[in-house]
Every structure is written in C-alpha cells, then in structure tokens.
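What follows is a short report on a single structure.
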Amino acid sequence: MREYLFQIGLKGLRPMNVSPINSGYLDLALNVLPLEGTLEAITGSDLVGPLSNYSWPFPQVTRLDGEIYLLGHNSVSLLNSDYSISTILSDIPSKGYPWAVAELGKGAILSNFYSIVTKEGKNFTVNSDDNKPVARALCNYKGQILAGNVYAYGEYRPSYVMWAKVGSLDFNLDSPSAGYIYLEDIGEILAMHSLINAVVVFGTLGVTMLVPATAPAMFGSQSLGSLPGIAGQLAYSGTPAVCYYLGVDGNVWEVGLGKSKVVAYIGKATNSACLYLDLPREVLRIGF
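Rendered as structure tokens:
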C-alpha cells in the first residue's frame, strides 16, 4: 500500500509527505479511531492468524458501542482486549464488496451489499432476504439511518437514498416517516457522510448534499456544483464539520456546509483508495 500524509491546519491541508510511504494501518485504526461507527480498512499484512489471508480492503475495522470489530470478506469478529480474535459470525453471504456501517445507540446496521447484519445489544443477526434492503453506503444522521445505492424488493437502485424512521433500524417504505430520494446526476452512490446539518452523498459521477426538508426528517438535495465523483467506497473521511474525499480527478477535496475546494493533488487512484482522518494527531492519511 502507498500512503500519503497531510497536516491539518487553520489554512487547510499541508503536505507532510507527498511521496508514497509504507506504514501499517492496524495500530492507527485501533489506537486513534476517534468516532463511533466510523470505518477503516487495514492491510492483510498487518494481521497474523486466520485473517491474514484477506486481500484489500479486508479486513476492515469499526468501533461499535465501545468495542472493536474486524469485518472480513464474509465474517464479523470481535477484537478482544488481549488482541485475540473471537469470530461472532462467519460464512455471511457476500459478493466481495467493502462493508458499510451505521451505528444507532446500542444497535447498528452493517451491509456488504449482499447481506444485512443487524446488531442489537450484543446480538448479531444476518439477513440476506431479497425483501430486506442492502446498501453500499450507510450513515446515521441525528438518530436516523440513511442507506444509499440499495437493492430492495427485487430491484436495484444505485442512485437512490432511503431512510428509516427516527430511531429505527428497519427500512420499511410503507412507514409514513420513512422515504427515499433519487439522485440521478451523481451516478452510483458509494459513500455518505453525516455533517452537523446535512448529509454528503458521494457518487461515481459527482457529489451532492442532502438537507432536512420537513418533519419527521425528510430530505431534499442541495447542489454542490460540478464536483468529481469519488475514487472508491472508502476514499473519504471526516468530522461533523467537514469531510475530505479523493476524487476520480486525482484531487483531494474538502467538503463542508456551503463550501467545497481542492486541497491537494496526489494523482488518480484505484477504487481501493482509503482515507483516514487522524484527529488527535491532526493528520489526514490517504492510502491506495
């Protein structure tokens, strides 16, 4: 893996190392992962044992309800305090897509675009029924789960964002407090990021923003101009105030409320690109 480092300052990003370096993701992901429900990919060479044979972007790391989980190609495992691994679920139906994760209190939804894994307390449940929506992108906006690029009810909807009612993990479109929006201009949706008062939606052809429109929380789209599409499903990272993503044009873009700008150019990447915002160290890491 090649990795680029950028220092975060008052004037934006400053390159710390614009030539690729080699460094492991495991310690970074385990020690400084700042936000609940965020997702990070790590290289297989950083692990030993049964997970060491996974190819990029597996395994992935997420922190849910204070515990750290490793998400493999078709498995969910708990990383114990002594760094031993306890596999919770295995043989989950999968097509090899990276995982998307959204946490909601003591619950969470994990989707590999083929199966939905629901976490309620300590219990995990796998559902791969055609009538249960699966998604490439998930996020939690103020207690409401949104899913982008969905396959539901026997129909593939790559440019749709669906949402559940507030506080629910169930995407029942018959509910009056749930709904969807069609975002045809941004292509296939690969990722979403929740800001303070909006949700950024990253597609293969562009980027847009969803803002609350009416109560109970419905959403409308707000144009961000002619932003390029995202390089890959994991090629973004951010906070509730701002997020960064690697575009298909090779630029690193900063997107916030009412603004978007180029902050660095590193060249075009493959769809295995991964961004990680290391807030304690004020560093943005980009690997591909």
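Read in order, the letters of the sequence shown are residues 27 to 314 in the numbering used here.
By construction, the Cβ of each residue, glycine as well, lies at the ideal position given by its N, Cα and C atoms.
Residue i (DSSP reduced to helix, strand or coil)
i, result
"I312", "strand"
"G232", "coil"
"G142", "Looking at the sequence itself, residue 142 is Ile, so the reference to Gly does not match. Residue state, collapsed to three classes: strand."
"E210", "helix"
"S107", "coil"
"S78", "Any answer about S78 is weak, because its pLDDT of 40 lies below 50 and its placement is not dependable; what the coordinates show is given next. Three-state result, S78: coil."
"S194", "coil"
"M244", "coil"
"I222", "coil"
"V58", "Any reading at V58 needs caution, since the residue's pLDDT is 33, under 50, leaving its predicted position unreliable; the model's value is listed next. Helix, per DSSP."
"A295", "coil"
"I256", "strand"
"N100", "coil"
"G273", "strand"
"G133", "strand"
"I118", "coil"
"A126", "strand"
"L303", "strand"
Exposed unless 16 or more other CB atoms sit within 10 angstroms - verdict on residue i
i, result
"Y315", "Residue 315 lies beyond the residue range present for the chain, which begins at 27 and ends at 314; the question has no answer from this structure."
"N100", "buried"
"S263", "buried"
"V74", "Below a pLDDT of 50, predicted positions are generally treated as unreliable, and V74, at 42, falls in that range; the measurement from the model is reported next regardless. It is exposed - the Cβ of V74 has fewer than 16 other Cβ atoms within 10 Å."
"S103", "buried"
"T151", "exposed"
"I292", "buried"
"N277", "buried"
"I171", "buried"
"K145", "buried"
"G232", "buried"
"Y167", "buried"
"P159", "buried"
"N106", "exposed"
"L310", "buried"
"Y51", "Confidence is the limiting factor: at Y51 the pLDDT is only 42, short of 50, which leaves the residue's position unreliable, though a coordinate-based value still follows. Under this definition Y51 is a buried residue."
"P202", "Confidence at P202 is low in this model, with a pLDDT of 49, below 50, so the placement of that residue should be treated as unreliable; the coordinate-derived value is given next. Classification of P202: exposed, given that the 10 Å Cβ count is below 16."
"G255", "buried"
DSSP beta-bridge partners of residue i
i, result
"M188", "A173 and Y206"
"G282", "V268 and K285"
"G180", "Answer is none; G180 lacks a bridge partner."
"V160", "Y177"
"Y95", "T88 and L104"
"P238", "F245"
For residue j and residue i, believed in contact at Cβ under 8 Å, the rounded distance
i, j, result
"I215", "R162", "6 Å"
"I142", "N153", "5 Å"
"G169", "L130", "7 Å"
"A261", "A299", "4 Å"
Cβ of residue i within 9 Å of any chain C Cβ
i, result
"V237", "Looking for chain C here will not work: only one protein chain is present."
Worksheet item: Is the number of C-beta pairs between the stretch 232-252 and the stretch 178-186 that are closer than 8 Å three or more?
Response: With contact defined as three or more Cβ pairs closer than 8 Å, the stretch 232-252 and the stretch 178-186 are not in contact.
Item to complete: Taking 8 Å as the threshold, find out whether the stretch 103-112 comes into contact with the stretch 125-139 through three or more Cβ pairs.
Response: Using a Cβ-Cβ distance cut-off of 8 Å, the stretch 103-112 and the stretch 125-139 are not in contact, since fewer than three pairs of beta carbons, one from each stretch, lie closer than that value.
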